[in-house]
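The opening residue of the sequence shown carries number 63 in the working numbering; numbering runs sequentially from there.
What follows is a set of notes on a single structure, which appears directly below.
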Amino acid sequence: MLQLDLKQALNKKEGEIVNGIVYVTSAYPSTTVTGVNNVSGYLTQKNSQVYYQVWGDNIEPFKRALTANRILTIAGKINRWFNPPSINITFATPDTTGLTISDFITTLNLEKLEQDFYQFIECEISPKTRHIINEVITGKVKERFFTEIAAKNVHDAVIGGLANHTNKMLQLAKVLIDNDNRLKEYTDLIYCGIIFHDIGKIQAYNNGQNLEYSYVDHRSFGCELLQESKQKICNLQNTTFYYQLLAIIQGHHNQYGDKAKTVWAYLIHLIDTLEAYTTMILDRYEANLYTEHLNGEKSIKYDNDTLYY
Ligand SMILES: [Fe+2]
Ligand SMILES: [Fe+2]
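Here's what the structure looks like:
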C-alpha cells in the first residue's frame, strides 16, 4: 500500500474511491442535531491538506484508530458537495509499513535556518545575552530547536518550523524596535524572550509526534528548561531578566493560556499571533483549503469568520 496522493485525490470525481496511507493531523468527534455521530479533521501530505469526515456506523469499527497524529491506511470516497472537495472515510486501520510523520511533512532548509538565526543574534544581541542563548540552546536542545515543528496543524507544521517561526518573529520585532526608540533598552529581553517563548515544544513533540508527557503545555516545559540555567542567566544578566523571561514564556498565549502579566509578554504575544496567523492563513491557501465562489472570489474560513482574497 502506498501513500494516498492528496493533490491527485482532490482532482477526482464525486463518489470516486480513494485508498492509501495517510497522516491524520486532526480528528474532532461530534454529534449532529439529529444524533448522528461523526469525526472530521484534516489529512496532511507535504503542502497539501484535505478535509475528511466519517459518519455514523462507519465510525464504530475504527474509532480508536481515528485520532490526531496517526498514520493510517484508509479507504474512502470523494465528496465534491462542498468546495474544496473532501474525503468520506469508509475504512481506517493503523499503518504497519513503518512510515513516520516526517515522510508526510515538509522539511525546510535547516542549514539556512540555523545560519539566519546565528547571524541575527550576532548582529542584534549583546554578547552577555548571546552567552545566555548559547548556554540554553546547546547539545540536544540545539539539535531539536533547529528541527522541531512549530505546531501540529496551525502554523509552520514542518520540520524546522520552530526555528522558522522564531526567526520570523525576530524580524518582526526588529521592525518595531528599529522604529521606536522606547523599545531600544529592552532589545535583549524581547529577542531573548522570542527565542525561548516556544522552546518547550522540543519536549512536547519529536518531529511532530507527541512525546510521552505532551499533555504538559510547552510553556511549562519552557520554564522548566530555563530553570536549569537560572544561575547562569542571573549572573550574566540579573534576576529580573530571568523572571521577565519566565513571564514571557508563561504569558505569551495571553487569552488562550495564562494572561500576559508583563508588557513584554503581551508584546511577544502580539508578534507571535501576527506571525502564526499570517503563516496559517497562507498555508491554508497553498493547501487549496479555500472556497471558490460562483463569482470567482476566493475565501478562507477561520473560526467564524470568512476571509476573502
Ligand atoms: Fe506558544
Ligand atoms: Fe509561538
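Heads up, the beta-carbon is just placed ideally off N, CA and C, and yes, glycines get one too.
From a predicted model like this one, the values you see are computed outputs, not experimental measurements.
- Counting C-beta pairs with one atom in each stretch, the stretch 156 to 169 and the stretch 72 to 87 have three or more that are closer than 8 angstroms, which means they touch.
- Under the three-state reduction of DSSP, Trp326 is assigned to helix.
- By the neighbour-count definition (other C-beta atoms within 10 Å, threshold 16), Phe144 is an exposed residue.
- Note: Val220 is not bridge-paired with any residue in the DSSP secondary-structure output.
- Taking the Cβ atoms as the reference, Ile330 lies roughly 26 angstroms from Tyr347, outside the contact range of under 8 angstroms.
- For Ala266, the closest of Asp250, Asp279, Phe153 by C-alpha to C-alpha distance is Asp279.
- Gln312 is positioned such that its CB atom lies closer than 7 angstroms to that of Arg281.
- Fully contained in the stretch 67 to 143 are the following alpha helix (DSSP H) runs of length 4 or more, in chain order: 68 to 72.
- The stretch 141 to 205 is shown to contain whole beta strand (DSSP E) runs of 3 or more residues at 148 to 156, in chain order.
- DSSP places Glu354 within a strand segment (E or B) once states are collapsed to three.
- Note on Asp242: under 16 other CB atoms within 10 angstroms of its CB, so exposed under the neighbour-count rule.
- The beta carbon of Thr368 sits closer than 6 angstroms to those of Ser361, all from its chain and outside the five residues before and after it, given in chain order.
- The secondary-structure analysis by DSSP pairs Tyr364 across a beta bridge with Asp367.
- When the five nearest sequence neighbours on each side are left out, the beta carbons in the same chain lying within less than 8 angstroms of the beta carbon of Asp320 are those of Arg281, Gln312, Gly313, in order along the chain.
- Under the three-pair Cβ rule at 8 angstroms, the stretch 169 to 177 does not count as touching the stretch 190 to 200.
- As a beta-bridge residue in DSSP terms, Gln271 pairs with Asn268.
- Annotated three-state conformation of Gln65 is strand, per DSSP.
- Counting only the Cα atoms, Thr302 lies some 10 angstroms from Ile295.
- The beta carbon of Leu161 is closer than 7 angstroms to those of Ile83, Ile133 in its chain, skipping five residues each way along the sequence.
- Look at Asp345: its beta carbon is at least 6 angstroms from all of the heavy atoms in ligand 2.
- Look at Ile257 here: in three-state DSSP terms it is helix.
- Of the residues Phe207, Gln299, Gly97, Gln107, the one whose Cα lies closest to the Cα of Thr87 is Gln107.
- Contact annotation: Ile211 and Gly270 have beta-carbon atoms nearer than 7 angstroms.
- Counting only residues of its own chain and dropping the five nearest sequence neighbours on each side, Leu251 has a CB closer than 7 angstroms to the CB of Phe303, Gln306, Trp326.
- In terms of side-chain proximity, the C-beta atom of Asp320 is found no nearer than 6 angstroms to any non-hydrogen atom of ligand 1.
- The C-beta distance from Gly255 to Gly284 rounds to 11 angstroms, too long to meet the 8 angstroms contact threshold.
- Non-local C-beta neighbours of Thr341 in its own chain, meaning closer than 6 angstroms and more than five positions away in sequence, comprise His217, Asp218, ordered along the chain.
- The shortest C-alpha to C-alpha distance from Lys230 to any of Leu351, Tyr339, Trp117, Ala89 is the one to Tyr339.
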